[in-house]
Amino acid sequence: PFKARFWGLPEELKATIRERLEAKFGFLFEQLEVVDTLDLAVRYAPRIEMHRSLADYLGGEAAGEDVEGLAD
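Residues in the sequence shown are numbered consecutively from 561, following the working numbering.
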């Protein structure tokens, strides 16, 4: 229910929410001094690809569930 209501909000309200989130995260990144540090992250924390399935997290519970055609 929450997700459907959120996506149904007027576009101007969603734009306001996006702007406020961007400002808040910008502030937090500046306070943590992690602005423009992508090169350091790539150098010292290389990306490792992990291939996991839903069954890896849920065990046998996920094996029989049909999720064909679900959007999310």
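The C-beta atom is built at its ideal place from N, Cα and C for all residues, glycine as well.
What residue range is occupied by the uninterrupted alpha helix (DSSP H) comprising residue i?
i	result
Gly-586	571-591
Asp-626	Neither: Asp-626 is in no alpha helix (DSSP H) and is coded neither H nor E.
Arg-603	598-604
Arg-534	Nothing in the structure corresponds to residue 534, since the chain is present only between 561 and 632.
How about residue i and residue j: are their beta carbons less than 8 Å apart?
i	j	result
Val-540	Phe-589	In the structure as shown, the chain begins at 561 and stops at 632. Residue 540 is therefore absent and cannot be evaluated.
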